[in-house]
Amino acid sequence: MQITRKFHFSASHRVYNPALNDEENCRIYGKCSNPNGHGHNYEMDVTVSGEVDPETGFVMDLSEIKLLVEKEIIDKVDHKNLNIDVDFMSGVLPSAENIALKFWEQIEPKINGPGIRLHSIMIRETVNNSVTYMGKQ
Ligand code: NI
Numbered sequence: 825m826q827i828t829r830k831f832h833f834s835a836s837h838r839v840y841n842p843a844l845n846d847e848e849n850c851r852i853y854g855k856c857s858n859p860n861g862h863g864h865n866y867e868m869d870v871t872v873s874g875e876v877d878p879e880t881g882f883v884m885d886l887s888e889i890k891l892l893v894e895k896e897i898i899d900k901v902d903h904k905n906l907n908i909d910v911d912f913m914s915g916v917l918p919s920a921e922n923i924a925l926k927f928w929e930q931i932e933p934k935i936n937g938p939g940i941r942l943h944s945i946m947i948r949e950t951v952n953n954s955v956t957y958m959g960k961q
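Start counting the sequence shown at 825; every next residue gets the next number (the working numbering).
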């Protein structure tokens, strides 16, 4: 059984590789490499899998996921610059892929319980583009 809680946050970033020049960065990352950055209204799905607890009828209380993700992720990234303001994103190229990876590292150790595990994190950067991370395969 999988249960999912949706989150929203707004953040800015500049996607660029400091080893490349502006022209090369622009070729690879397009508008996302704009030197002064730009913002996105991100959407995130956090999905937990496990068996239904016969006592509660829940896999996990979704409000527990809400509190955990707000504390460990949303409070740290909402209305922030992902290149500069977020300790756990320091030195990380803030592509949607890397955002999903780093978010996973923030919450995965805190979700594992008996019969429960973090199943996936989906990051939607634009209406057309999203990534889903399911841990190391
Ligand atoms: Ni972007």
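Glycine included, every Cβ here is placed at the ideal spot set by N, Cα and C.
Legend entry - The alpha helix (DSSP H) enclosing K853, as first and last residue numbers: Position 29 of the sequence shown holds residue 853. The amino acid at residue 853 is misidentified as Lys; the sequence shows Tyr. Per DSSP, Y853 belongs to the alpha helix (DSSP H) from 846 to 853.
Legend entry - Element boundaries [alpha helix (DSSP H), containing E875]: Looking up residue 875 in the sequence shown gives position 51. It is not in any alpha helix (DSSP H) - E875 carries neither H nor E in the DSSP assignment.
Legend entry - Three or more C-beta pairs below 8 Å linking the stretch 925 to 943 and the stretch 861 to 879: A contact is defined here as three or more CB-CB pairs under 8 Å, and the stretch 925 to 943 meets this definition with respect to the stretch 861 to 879.
Inset, instruction - Drop a sphere of 10 angstroms on the beta-carbon of L906, count the other beta-carbons inside from all chains shown, and report buried for 16 or more, exposed for fewer. - result: On the sequence shown, position 82 is the one that residue 906 refers to. It is buried - the Cβ of L906 has at least 16 other Cβ atoms within 10 Å.
Inset, instruction - Inspect the beta-carbon positions of N953 and A920 and report whether they are closer than 9 Å. - result: Along the sequence shown, one-based indexing puts residue 953 at 129. Along the sequence shown, one-based indexing puts residue 920 at 96. Yes, they are a contact pair.
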